[in-house]
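For reference, the structure is listed below as structure tokens.
Protein chains: 2
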Amino acid sequence: MKSGLTVPDGFPPARRPTIREVAETAGVSRSTASRALTGRGYVAPAVRDRVREVARSLGYVPDATARHLRQQASQSIGVLVSDLNNPFYAGLAAGISQQARKRQYTMMLADDGGSPEVEAEAAEAFVALRVAGVIVTPVSAQISTYLARQRIPVVEVDRQFSLGACDAVMVDNSSAARQVTSQLLDLGHRRIAMVIDEMHWTTGRDRLAGYRAAFAAAGVPFDDSLVVSAGWDVDAARIEAHKLLSRPEPPTAVFAANNVLAEAVWRAATELNLTIPDQLSLVSFDDVSWMSLVQPGVTAVAQDPVALGEAAISQLFERIQSPLAPVRTVLLSATVASRGSTAPPPAR
Amino acid sequence: MKSGLTVPDGFPPARRPTIREVAETAGVSRSTASRALTGRGYVAPAVRDRVREVARSLGYVPDATARHLRQQASQSIGVLVSDLNNPFYAGLAAGISQQARKRQYTMMLADDGGSPEVEAEAAEAFVALRVAGVIVTPVSAQISTYLARQRIPVVEVDRQFSLGACDAVMVDNSSAARQVTSQLLDLGHRRIAMVIDEMHWTTGRDRLAGYRAAFAAAGVPFDDSLVVSAGWDVDAARIEAHKLLSRPEPPTAVFAANNVLAEAVWRAATELNLTIPDQLSLVSFDDVSWMSLVQPGVTAVAQDPVALGEAAISQLFERIQSPLAPVRTVLLSATVASRGSTAPPPAR
DNA sequence: GCTCTGTCTGGGATCGATCCCATAGACCGC
DNA sequence: GCGGTCTATGGGATCGATCCCAGACAGAGC
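Listed in order, the protein sequences are those of chains L and U.
Note that the first sequence ends on residue 599 in my numbering; no numbers are left out.
Note that the second sequence ends on residue 599 in my numbering; no numbers are left out.
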């Protein structure tokens, strides 16, 4: 059980050792000590080893703050997501964290809870900390503009506010949505509702567009009253879904635009004793773990949040390397995980 | 739609403005500019307003790096969890993030994936960044010792490695485990298995102890072969659970020591077509959202990870304020969310 | 008029690490 | 013997913000 932690010999010092103390103890100048520790510039091998040994024995850890101030370049990135309690954002953060670690970067994480004000605060904190770059699931157009003006590289993930102004990484929302909707149409459904949170961001807009495109391609007339805005949290959405499913002429299938909405629809269906898939078919965007736990499993568009996070961070590092390269939007494809939640519509 | 982001007038400057530029533009010295912006020390009101206006118009954001170097105190805390993809840890991070934001602190987040080596790396990064304090779900005893020796306040959450050496915040694992186990015993179960990941950390040890205590209190003999070590990931655990449930004399109830293991048991039961609760009763530690989505819902010990995170951070700030106060272990109580996954054992 | 107090401002040192530059010695070739 | 190259080291400036301290000035009190 070897740990990489260098524990200083003896009792802890009252003050943390600085490079000056390392240098004095080793009998060299600060410059030489710095060269010995960073490995940049000439140092006699014997001196290098002696300095490193002294540093180890003192438990010296260089002050990243001071280093960054001098070098005008930090080794941390800022990450801003909307809700860590949502497995999608948590997975995103997990993927980013993994890759950042591999590149010896640390991650500042903030959760804006969907609020533009909090997002703005976090952005300013990132600027103050002079992070090397920021990855954000934006809730306003301002943030990317602001960070860009501060000359901080930004990558928008999951949704895109600054089209063409900064890099972005997303899944192909439109074609994935079209694909699952087509499956429902092929099964014979005609009254397919879409439960959605918002329609102005790229996520909502494109998923809605894909859904409509499927209707158009199938030559099926489209009923606007079946597109339901259901808000942000599970409870509010559950109530909306409940209303939807209790209509005199209810939908025979529901496409939920994300995992929170899918949960809401699922709960509403349970409340109403609707059996899935016999009385109601359900498909969802976002494949999260409960969808394969329930009976029947929920057919879902599986976008891999970890992969999305990884793609975002590699895009960010490319941007840091070449700030002037043309702006890029990366579209990952999403697969459909087919499970048991769909069936032909009930005969009337 | 007002955003708090101060966007500099005109085109972005080639270099980020410093306090020196703010001072020169406002026609004052750096000292005065600093006083005007921080609000510490004498400044004529007219001057203060002029300086602030100039700072705003230049889009000046003070360099936290430089400030912290000078003040020898940072406004960030380090948070180290085991797996962001696990809703428990994600919730913990969410709670901490919320509270940190309220106190104007930023959060450095790292995910060690359960590895002591990665944990050690992250600890060193936190020291290098001179964070004000660290909250950790530890995977080794070294980390708290190391950070303490570096004079960085630490709070251990969820489990405790450095008993009495540093603050800790946990739920009362033992009595919660005892409580759910007693419920199963009261229903008439005798062959109650416990599926667990490890038994050396406080979490595993105490939950196991609670389980045993319930047997002792009920005067029911205890069968060691029903305590199953099932490893860390869902798949490995599912296989172990499958074996357990396929034994010639299978348990009539299972107590899963955490949400991952509960998921594994649930999946194994599904594979074996065991109906819950008629053929098998299931209870779990950790109440995560899928447990109320499946049919029947899973009875679970509900520890609120967000509350746990909040308690940890307030403990951390108290520690930062009074470094010499006696070490404290905070025990939060956990409630049992009773759902439909338990019933009397099947008649033989 | 002189001191004293309170208001207000600027100069310079400081935090810790890095890095440019000067310098010194060794060694080589001509 | 001398210039040139290479190795190795230390001095001092630097990054950006803060803060101690000295000092200027105004107004009050004697």
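For glycine and all other residues, C-beta sits at the position ideal for the given N, C-alpha and C.
In chain order, what residues of the stretch 540-552 of chain L put their CB closer than 8 angstroms to some CB of chain U? S540, W541, L544, V545 and Q546
For L533 of chain L, which of helix, strand or coil comes out of DSSP? L533 of chain L: strand per DSSP, three-state reduction.
Residue range of the alpha helix (DSSP H) that includes E372 of chain L: Boundaries of the alpha helix (DSSP H) around E372 of chain L: P367 to A379.
Under 8 angstroms (Cβ pairs) to chain U, residues found in the stretch 496-521 of chain L: Residues E514, W517, R518 and T521.
Going by the CB atoms, is the gap between D334 of chain L and R579 of chain L shorter than 7 angstroms? no
Give me, in chain order, the residues of the same chain whose beta-carbon lies closer than 6 angstroms to that of T276 of chain L; leave out the 5 immediate sequence neighbours on both sides. V305
Answer yes or no: do N510 of chain L and A345 of chain U have a C-beta to C-beta separation smaller than 7 angstroms? no
Inter-residue Cα distance where the pair is V332 of chain L and T357 of chain L: Near 16 angstroms, if we compare the C-alpha coordinates of T357 of chain L and V332 of chain L.
Boundaries of the alpha helix (DSSP H) in which G329 of chain U is found, first to last residue: Not the alpha helix (DSSP H): G329 of chain U falls in the beta strand (DSSP E), residues S327 to V332.
Drop a sphere of 10 angstroms on the beta-carbon of G384 of chain U, count the other beta-carbons inside from all chains shown, and report buried for 16 or more, exposed for fewer. buried
Could you say which of U:R301, U:R291 and U:T289 lies nearest to V279 of chain U if we only look at CA atoms? U:R301
When you compare the CB positions of A373 of chain U and A392 of chain U, do they come within less than 7 angstroms of one another, or not? No, they are not a contact pair.
I want to verify the contact list: residues of chain U whose CB lies under 8 angstroms from the CB of L310 of chain L, in sequence order. Reading off the sequence, residue 310 of chain L comes out as Gly, not Leu. Residues of chain U passing the Cβ test: R400 and Q401.
Compare the C-beta of L360 of chain L with all C-beta atoms of chain U and state if any pair is closer than 7 angstroms. yes
Is the shortest distance between the beta-carbon of L343 of chain U and the beta-carbons of chain L less than 7 angstroms? no
Return yes when the Cβ of A507 of chain U is within less than 7 angstroms of the Cβ of V446 of chain U, no when it is not. yes
Note down, in chain order, all residues in the stretch 377-389 of chain L with a beta-carbon under 7 angstroms from any beta-carbon belonging to chain U. Within the stretch 377-389 of chain L, the qualifying residues are V378, A379, L380 and R381.
Would you say G261 of chain L lies against chain U (beta-carbon separation less than 7 angstroms)? With a pLDDT of only 49 at G261 of chain L, under the threshold of 50, the placement of this residue in the model should not be trusted; the figure read from the coordinates follows. False, the Cβ-Cβ gap to chain U never drops below 7 angstroms.
Validate contact between the stretch 364-372 of chain U and the stretch 524-542 of chain U using beta carbons, cut 8 angstroms, 3 pairs: no
At a CB-CB cut-off below 8 angstroms, which residues of chain L make contact with D538 of chain U? Per Cβ cutoff of 8 angstroms: no residues; D538 of chain U is ~13 angstroms from chain L at best.
Going by DSSP, what residue range makes up the alpha helix (DSSP H) through F466 of chain U? T453 to A469
Check this for me: beta carbons of W541 of chain U and W541 of chain L, under 7 angstroms apart or not? Closer than 7 angstroms, so yes.
Please list, in chain order, the chain U residues whose beta carbon lies closer than 9 angstroms to that of P404 of chain L. Going along chain U, no residue has its Cβ under 9 angstroms from P404 of chain L, so there is no contact; the nearest lies around 13 angstroms.
Would you identify the three-state DSSP class for A274 of chain U, choosing helix, strand or coil? Note: A274 of chain U maps to helix in three-state DSSP.
Could you compute how far the alpha carbon of A341 of chain U sits from the alpha carbon of T388 of chain U? 12 angstroms
Tell me which residues share the same chain as A598 of chain U and place their Cβ nearer than 8 angstroms to its Cβ, disregarding the 5 neighbours each side in the sequence. none
Run the CB neighbour count on F473 of chain L, radius 10 Å, all protein chains shown included, and call it buried at 16 or more, exposed below. exposed
When the Cα atoms are used, what is the spatial distance from E605 of chain L to P313 of chain L? Lying outside 252 to 599, the shown extent of chain L, residue 605 of chain L is not represented and no answer is given.
With distances taken between CB atoms, is the gap from L512 of chain L to A481 of chain L smaller than 7 angstroms? yes
Interface residues of chain U around H319 of chain L at Cβ under 7 angstroms? T316
Compare the C-beta of T357 of chain L with all C-beta atoms of chain U and state if any pair is closer than 7 angstroms. yes
C-alpha distance - V405 of chain U paired with V505 of chain U, whole-angstrom precision: 35 angstroms
Between which two residues does the alpha helix (DSSP H) carrying I403 of chain L extend? Neither: I403 of chain L is in no alpha helix (DSSP H) and is coded neither H nor E.
How should R352 of chain L be labelled, buried or exposed, when 16 other C-beta atoms within 10 angstroms of its C-beta is the threshold for buried? buried
Under 8 angstroms between beta-carbons, which chain L residues line up against N336 of chain U? List them in chain order, please. P338, A341, G342, A345 and V557
Check whether the Cβ atoms of I490 of chain L and S592 of chain L sit closer than 7 angstroms, and answer yes or no. no
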